[in-house]
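These notes concern the structure reproduced below.
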Amino acid sequence: MKAEPAVGLKALHDKRGWLALAVATLVLCVVIPVLSLAVPVSSPLHLPDYLIALFGKFLCYGIVALAIDLIWGFTGILSLGHGVFFALGGYAMGMYLMLSIGAQGVYKSALPDFMVFLDWKELPWFWRGFDYLGVALTAALVVPGLLAFAFGYFAFRSRIRGVYFSIITQALTYALMLLFFRNETGFGGNNGLTDFKSLYGYDLHQPSTKVALYLFSALGLLLTYLLCRYIVTSKAGRVLRAIRDAESRAMFVGFNPTNYKLFAWTLSAVLCGLAGALYVPQVGIINPSEMQPANSIEMGIWVAVGGRATLFGAVLGAFLVNGMRSFFTAAMPNAWLYVLGLLFIAVTLFFPDGVAGALGRLKRKS
Amino acid sequence: MSESSAVSSSVPAEPRASSEAPPSPEVRAEPKAKSNEKSGKRWSVRPRLVDPERRAAVVGTRQAVLVVDNVSVSFDGFKAITDLTLILDKGELRCLIGPNGAGKTTLMDIITGKTKPDSGTVFMPHDARDLTQLTEYEIAALGICRKFQRPTVFAGHTVYENMELALTGPKGVWNSLFFRLSAEQKQKIEQILEQIGLHEHAAVRAGQLAHGQKQWLEIGMLLAQDPRVLLVDEPIAGMTHQETERTAELLKSLAGERTVVVVEHDMEFVRSIAQRVTVLHEGKVLAEGDIDSVQNNPRVVEVYLGEPRT
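The listed protein sequences derive, respectively, from chains A and B. As numbered in our numbering, residues 393 to 758 make up the first sequence, in order. As numbered in our numbering, residues 1094 to 1403 make up the second sequence, in order.
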């Protein structure tokens, strides 16, 4: 009897899936860097630096989209506050970059400029240790994870679901934004952390450093994708979907939904922290506006546009929406928000399963 | 009759009882508080174990698997169940019938821990624990599984995946992340799928199954949990004639290894499967025996089959 293949996806991918993944990796990790570094500037094929930085940003957004797909697409919990985890990861990295400026700042002090400006005499305790990259990277993952765990523990244990949960996540990101806006909080207030010079001794303005950061982002995206793919094809992934579709039934066959939700939610936050840490050195600034509620909502739109519960759709959505954003904010800056709104309406009305779903239907028809 | 209005007053309590959420503290505390106020100090501290002499006295020489001993429960003064005693033997197929409000669903709720009785005990003779003192999870772990009236399966998962999720075993996150079906477990799933007649639909999404097939799948999921006692609430509601026949076959084949209790309104169906029938009326056992003796019992005819049958 042939029952066995019915259990989900036995492997991470079938042959064609692996092939597509390999091609994508080749383009992202080999073709683009070569076009940027090895092709002479005079050639029309040369990729300018700003595009590398832009693509690097998109890759970080791709990681965020995967993280949101894990918790929204597969577990059915819509977070409208993932920007806060992204920003916390970014701040952790920003603190390291801030301290590595050293005495090259405007005030020629070992303290970051904003602290000199505020007339602080020494580093606050929570900045200690951030002159080590390892500490900063660990904090970029652990701090968002801890915040998510504590928040999720109380929310899921109290059985807060659906739109109520989404609203609380909005409040969470808004509250932290207000907190980070204050100068007294110790993260540069309104201006945030900026004017970075170097990362681990490498000049951030060098094209080769930019390509290296881009490559780390690509690697991060690839590993995140494989991790998420492993989870959703495991039995744990099937339990997550079971909780999404029929939570009470899942309890009745013996699963504790709180633990599963907490797992997906915390992991999702950690991945966002990773994305934030990769993002900040490439854009050169982190400030509280990253925690604006609207930012988090836009992250949700990436996943909705790309297609929920498909993983690759989420990444596609992040690339697509941000590509459009880059185009429109340059070509007709005032139109972007209208375009975003129209896009969201169009997707909800005509492609409820997103671009990935539409592609899947096309494939089945042909 | 005053009872008939009281019957409807018990209805609002039922949706709460049959929603599948585990008992919240309020729900559990409520009947207890009531029992305290009703019968004074006697039940204020209830023993967690059932007295062995009492167990022996009730069970006698029978091969009992589950015993409901002298249970009473009332909702807002309405006695849903009064001094009810029910002994289920190993491997039997028992039908529970009775008019609306007779206490069938309430009895199921008491056995599965959704409702706590005011007095009386429920126990399995091999185990000293009083089931009325346990949570739903603990009772399910003892092998008492219940199928609800409305079929609930994981619609987005395949039939096979539904079975995989229902299978007994550790259910933690870490375990699920690295879980692989063993050969033994695969064999078990296939055997159950064969039994419920869905082996050809293993790769089909549960949401695409016909109504009857969903009911069978849910029964299969219960079987995957290794039950000793299966409580099946109205299994043929909404089924076609053929589906009903297959369900009858299925239930009959399940009894033997396990004890199966079926609550059903459809007398035709009961006649086709029942070995023993228990008739409930106004929260009491009105009659018990094989289908013919029950049907010929004048009291049963009066209250339940009262209208002249054609």
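All C-beta atoms, glycine included, are put in the ideal place defined by N, C-alpha and C.
Would you say residue i reaches chain B, if we count a Cβ-Cβ gap shorter than 9 angstroms as a contact?
i: Asp637 of chain A; result: yes
i: Arg553 of chain A; result: no
i: Val631 of chain A; result: yes
i: Gly646 of chain A; result: yes
i: Tyr652 of chain A; result: yes
i: Ile689 of chain A; result: no
My assumption, with CB atoms under 8 angstroms, is that residue i sits in contact with residue j. Please give the rounded CB distance.
i: Ala362 of chain A; j: His1250 of chain B; result: This structure cannot settle anything about residue 362 of chain A, because the visible part of chain A is limited to 393 through 758.
i: Val713 of chain A; j: Ala706 of chain A; result: So it is not a contact: roughly 11 angstroms between Cβ atoms.
i: Leu439 of chain A; j: Leu427 of chain A; result: 4 angstroms
i: Val747 of chain A; j: Val697 of chain A; result: 6 angstroms
i: Gly1194 of chain B; j: Val1164 of chain B; result: Their Cβ separation, rounded to whole angstroms, is 17 angstroms, which puts Gly1194 of chain B and Val1164 of chain B out of contact at 8 angstroms.
i: Arg1222 of chain B; j: Leu1291 of chain B; result: In fact, because the Cβ distance is near 35 angstroms, the residues do not count as touching under 8 angstroms.
i: Met691 of chain A; j: His474 of chain A; result: 5 angstroms
i: Leu515 of chain A; j: Leu503 of chain A; result: 7 angstroms
Report yes if the C-beta distance between residue i and residue j is below 9 angstroms; otherwise report no.
i: Leu1186 of chain B; j: Lys1307 of chain B; result: no
i: Val631 of chain A; j: Leu1258 of chain B; result: yes
i: Gly554 of chain A; j: Thr658 of chain A; result: no
i: Leu446 of chain A; j: Ser681 of chain A; result: no
i: Glu1381 of chain B; j: Val1370 of chain B; result: yes
i: Val1151 of chain B; j: Leu1181 of chain B; result: no
i: Pro1391 of chain B; j: Leu1310 of chain B; result: no
i: Leu591 of chain A; j: Ile677 of chain A; result: no
i: Ile1237 of chain B; j: Pro1140 of chain B; result: no
i: Gly1170 of chain B; j: Leu1373 of chain B; result: no
i: Lys449 of chain A; j: Gln598 of chain A; result: no
i: Asp587 of chain A; j: Gly497 of chain A; result: yes
i: Leu1302 of chain B; j: Leu1347 of chain B; result: no
Of all Cβ atoms in chain A, is any one closer than 9 angstroms to the Cβ of residue i?
i: Ser1269 of chain B; result: yes
i: Gln1306 of chain B; result: no
i: Thr1245 of chain B; result: yes
i: Gln1318 of chain B; result: yes
i: Thr1477 of chain B; result: This structure does not reach residue 1477 of chain B, given that chain B is present from 1094 up to 1403, and the question cannot be answered.
i: Ala1233 of chain B; result: yes
i: Pro1116 of chain B; result: Here the model assigns Pro1116 of chain B a pLDDT of 44, short of 50, so the residue's position is not dependable, and the following value carries that caveat. Judged by the 9 angstroms Cβ criterion, Pro1116 of chain B is not in contact with chain A.
i: Ile1204 of chain B; result: no
i: Val1387 of chain B; result: no
i: Lys1134 of chain B; result: Unreliable placement is indicated for Lys1134 of chain B, whose pLDDT of 42 sits below 50; the coordinate value is still reported in the next sentence. Not closer than 9 angstroms to any Cβ of chain A, the Cβ of Lys1134 of chain B fails to qualify, so no.
i: Ser1103 of chain B; result: The predicted position of Ser1103 of chain B is uncertain, since its pLDDT is 39 and thus under 50; no value can be drawn from it.
Return the CA-CA distance between residue i and residue j, expressed in angstroms with no decimal places.
i: Ala1341 of chain B; j: Asp1326 of chain B; result: 13 angstroms
i: Asp1176 of chain B; j: Met1217 of chain B; result: 18 angstroms
i: Gly646 of chain A; j: Lys1264 of chain B; result: 6 angstroms
i: Phe644 of chain A; j: Ile693 of chain A; result: 34 angstroms
i: Pro1210 of chain B; j: Val1387 of chain B; result: 27 angstroms
i: Phe1247 of chain B; j: Arg641 of chain A; result: 8 angstroms
i: Phe743 of chain A; j: Gly733 of chain A; result: 15 angstroms
i: Asn1389 of chain B; j: Asp1383 of chain B; result: 10 angstroms
i: Gln1087 of chain B; j: Leu1343 of chain B; result: Outside the shown range of chain B, which is 1094 to 1403, sits residue 1087 of chain B, and nothing can be said about it.
i: Thr1199 of chain B; j: Thr1225 of chain B; result: 13 angstroms
i: Leu741 of chain A; j: Met1332 of chain B; result: 36 angstroms
i: Leu480 of chain A; j: Phe546 of chain A; result: 20 angstroms
i: Ser471 of chain A; j: Asp745 of chain A; result: 18 angstroms
Cβ closer than 9 angstroms: which chain A residues qualify as neighbours of residue i?
i: Ala1248 of chain B; result: Asp637, Ala638
Residue i versus chain B: which residues are under 9 angstroms apart at the beta carbon?
i: Ala634 of chain A; result: Phe1247, Gly1249, His1250, Glu1254, Asn1255, Leu1258
i: Ala628 of chain A; result: Val1266, Trp1267, Asn1268, Ser1269, Leu1270, Phe1271, Phe1272
i: Ile623 of chain A; result: Leu1270
Closer than 8 angstroms by beta-carbon distance: list the chain B residues that pair up with residue i, in chain order.
i: Arg641 of chain A; result: Glu1113, Thr1245, Val1246, Phe1247
For a contact meaning CB atoms closer than 8 angstroms, what does residue i contact in chain A?
i: Met1314 of chain B; result: Val645
What residues of chain B sit near residue i, judged by a beta carbon separation below 7 angstroms?
i: Phe573 of chain A; result: Those do not exist, as Phe573 of chain A stays about 37 angstroms from chain B at its closest Cβ, beyond 7 angstroms.
i: Phe655 of chain A; result: Val1266
Compute every distance between the C-beta of residue i and the non-hydrogen atoms of the ligand GTP, then say whether any falls below 8 angstroms.
i: Ala661 of chain A; result: Of ligands this structure carries none, so the ligand GTP is not represented either.
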